[in-house]
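Colleague: In the numbering used here, the protein residues as written are 7 to 313.
Dropping the structure in here first, questions after.
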């Protein structure tokens, strides 16, 4: 499968499905097999990461690479994009394992099936997440691109998921339970908790294909807006759809008295805000022209989940 630089017909649902299948196939190949000891640990890692999820983060890697590439990706670039796409999905899956633990959000369902700690026990779930994070960086370190770009990629993802990124955002979320946050504080929390990883995905795609500074800055603006839109839509869905459609327990944010965009703006206000952020994201990538079609389509996919 070649990375197309200028799509003639994006067909986003098909494109996303194709990328999801590609990522699943790569994860199946790259993850330790269940027959290798410790077998239960490897089974838990596969349970949490293979064959589930929409792969939005992986698609962001591919879409950003496509936008920044003037031609078609050769085999080495395509392999590097695959490894980065799998790495970010592994990081995301590990974060969901930890997020579902009783000491965190205490959720028993994830992606339409029992959460990892329900299926394998809390200790094994914790270890699975612990093993998945370094494995993601192992995959990044093995990308067939220049060492300097590998270092940039590793640094980008590491910063995005640390105390100033995803983990820090989750900490603020926990500390804010039961409190009323204003719009600025809420945005800052979610820029770390949700937006930082999505932003890193866009930057990884750009780094791998050798994007220039103007392209990378446009992607930063795009991913900031669409990353926040992703969280706004999640807040809306938590109160407007059931657990089966959501793939996790619905209504938990309100039950836990968490600060959300729905609690701040109401459903209609939050939905309107998501549309506003979507437009900001699309405006940010005008410089890519037709090469930005996948990025625009991905933004549309993210926001349309609320309708």
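Ideal Cβ positions, reconstructed from N, Cα and C, are used throughout, including at glycine.
These numbers were taken from a predicted model, which means no experiment stands behind them.
Do you know how far the Cα of residue 268 is from the Cα of residue 309?
Modeller: Taking the straight line joining both Cα atoms gives about 15 Å.
Colleague: Please classify residue 51: does DSSP put it in a helix, a strand, or coil?
Modeller: Here residue 51 sits in helix by DSSP.
Colleague: Starting from residue 121, trace the alpha helix (DSSP H) in both directions and tell me its first and last residue.
Modeller: Counting along the chain, residue 121 falls outside any alpha helix (DSSP H), and DSSP gives it neither H nor E.
Colleague: Would you say the region 33-47 touches the region 67-84, given that touching needs at least three Cβ pairs under 8 Å?
Modeller: These segments do not touch.
Colleague: With the cut-off set at 7 Å, would you say residue 238 and residue 276 are in Cβ contact?
Modeller: Cβ atoms of residue 238 and residue 276: closer than 7 Å.
Colleague: Taking 7 Å as the threshold (C-beta atoms), are residue 123 and residue 134 in contact?
Modeller: No. Outside cutoff.
Colleague: If you reduce the DSSP assignment to three classes, tell me which class residue 36 lands in.
Modeller: Helix at residue 36.
Colleague: So, using beta-carbon positions, are residue 61 and residue 29 closer together than 7 Å?
Modeller: In this structure, residue 29 lies closer than 7 Å to residue 61 by Cβ.
Colleague: Within 10 angstroms of the Cβ of residue 181, are there 16 or more other Cβ atoms? Answer buried if so, exposed if not.
Modeller: Classification for residue 181: exposed.
Colleague: Tell me the residue span of the alpha helix (DSSP H) that contains residue 92.
Modeller: It spans 81-106 - the alpha helix (DSSP H) in which residue 92 sits, taken as one unbroken run.
Colleague: Would you kindly work out how many angstroms separate the C-alpha atoms of residue 168 and residue 144, rounded to a whole number?
Modeller: Taking the straight line from one Cα to the other gives about 17 Å.
Colleague: Going by CA-CA distance only, name the one from 205, 83 and 154 that's closest to residue 287.
Modeller: Ranking the options by Cα distance to residue 287, first place goes to 205.
Colleague: Helix, strand or coil for residue 22? Go by DSSP, reduced to three states.
Modeller: Note: residue 22 maps to helix in three-state DSSP.
Colleague: Compare the beta carbon distance of residue 234 and residue 159 with 7 Å and say whether it is the shorter of the two.
Modeller: No, the Cβ-Cβ distance between residue 234 and residue 159 is not below 7 Å.
Colleague: Which of helix, strand or coil does DSSP assign to residue 66?
Modeller: Note: residue 66 maps to helix in three-state DSSP.
Colleague: Leaving aside the five residues before and after residue 165 along the sequence, list all residues of the same chain whose C-beta is less than 7 Å from its C-beta, in chain order.
Modeller: Only 171 meet the Cβ criterion.
Colleague: Between the beta-carbon of residue 116 and the beta-carbon of residue 106, is there less than 7 Å?
Modeller: Yes.
Colleague: Check this for me: beta carbons of residue 86 and residue 213, under 7 Å apart or not?
Modeller: No, Cβ-Cβ distance for residue 86 and residue 213 is not below 7 Å.
Colleague: When the Cα of residue 59 is compared with those of 188, 207, 119 and 110, which residue comes out closest?
Modeller: Taking only the C-alpha atoms, the option nearest residue 59 is 119.
Colleague: Below 8 Å on the Cβ atoms is my guess for residue 208 versus residue 225; work out the distance and round it to an integer in Å.
Modeller: Yes, they are in contact, since the Cβ atoms of residue 208 and residue 225 sit about 4 Å apart, within 8 Å.
Colleague: One question on the structure: do residue 18 and residue 307 come within less than 7 Å of each other, judged by their Cβ atoms?
Modeller: It is a contact, given that the beta carbons lie within the stated cut-off.
Colleague: Which residues bound the alpha helix (DSSP H) around residue 289?
Modeller: Residue 289 -> alpha helix (DSSP H) spans 267-290.
Colleague: Beta carbon of residue 116: closer than 6 Å to some heavy atom of the ligand FAD?
Modeller: This structure simply doesn't include the ligand FAD, nor any ligand for that matter.
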